[in-house]
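Working notes for the structure below.
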Amino acid sequence: NEWAFDLLYCVAFKMMDEQWLAMRATYMDFN
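Just so we're aligned: the sequence shown equals residues 59 to 89 in our numbering.
Set out below in structure tokens:
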């Protein structure tokens, strides 16, 4: 079913995006 795949993709993308923002924030703090 296609909607489940879309949902999974959205959730994974959102999680990756938040992780990247957190990593970038800590990186900025260190510099």
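Don't be surprised by glycine CBs; every beta carbon is placed ideally from N, CA and C.
Rounding to the nearest angstrom, what Cα-Cα distance links residue i and residue j in this structure?
{"i": "TYR67", "j": "ASP75", "result": "12 Å"}
{"i": "LYS72", "j": "GLU60", "result": "18 Å"}
{"i": "ALA70", "j": "ALA80", "result": "15 Å"}
Quick one: what's got a C-beta closer than 7 Å to residue i's C-beta in the same chain, skipping five residues either side?
{"i": "GLN77", "result": "none"}
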